[in-house]
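A short write-up of the structure that comes next.
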């Protein structure tokens with residue numbers, strides 16, 4: 825509200841004042857005399873810059889390579905550096921390929937040894953339809969015989985004195 829009043833007040837003052845006129849008439853005083861004006865220092869600086877640039881262009885153009893080419897050649901590494909880098913890179917790639925072939929070529933086991941066969945039966949006891957579970961008695965018997973054989977081997981090693989039990 826106050827901003828609107830302030831802007832309206834300033835606009836009202838501008839409207840009250842008559843616009844200033846910059847018109848003139850012939851009676852405005854005497855004229856100055858003619859003055860000899862020179863070109864000024866900026867003109868001479870511009871002309872000398874152009875001349876110096878032309879001279880430098882002609883001097884640098886006298887050699888077979890331009891200054892840009894010489895600058896690029898100055899900071900470009902030697903070909904021997906590139907050959908060494910490529911040799912190292914090629915050796916690393918060959919080693920990586922050999923490792924990959926080694927890992928891909930190894931046979932994978934089709935089974936995972938489980939410590940407990942009841943891992944197969946971990947499921948929710950609710951909403952299990954009859955007959956949906958497979959008969960795992962052969963799997964259970966396989967792991968029981970395997971564990972029994974390992975236990976017999978361990979007991980045999982302990983009796984031979986090769987392994988000392990922490991429970992004795």
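Numbering (my numbering), first residue to last: 825 to 992. Glycine is no exception: its CB is placed at the ideal position from the N, C-alpha and C atoms. No experiment lies behind these values; they were computed from the predicted model shown.
Determine the DSSP secondary structure at residue i, reduced to helix, strand or coil.
i: residue 872; result: helix
i: residue 935; result: coil
i: residue 941; result: helix
i: residue 863; result: coil
i: residue 857; result: coil
State the start and end residues of the unbroken alpha helix (DSSP H) segment that holds residue i.
i: residue 957; result: Counting along the chain, residue 957 falls outside any alpha helix (DSSP H), and DSSP gives it neither H nor E.
i: residue 890; result: Here residue 890 belongs to no alpha helix (DSSP H), and DSSP marks it neither H nor E.
i: residue 969; result: 961 to 984
Any heavy atom of the ligand SAH inside 7 angstroms of the beta-carbon of residue i?
i: residue 904; result: Absence of the ligand SAH is noted for the structure shown, with no ligands found whatsoever.
* **Uninterrupted alpha helix (DSSP H) stretches inside the stretch 892 to 930 (no shorter than 4 residues)** => Along the length of the stretch 892 to 930, whole alpha helix (DSSP H) runs at least 4 residues long occupy 903 to 929, reported in chain order.
* For the 8 angstroms Cβ check, are there 3 or more pairs between the stretch 960 to 967 and the stretch 933 to 945? -> They touch, by the three-pair rule.
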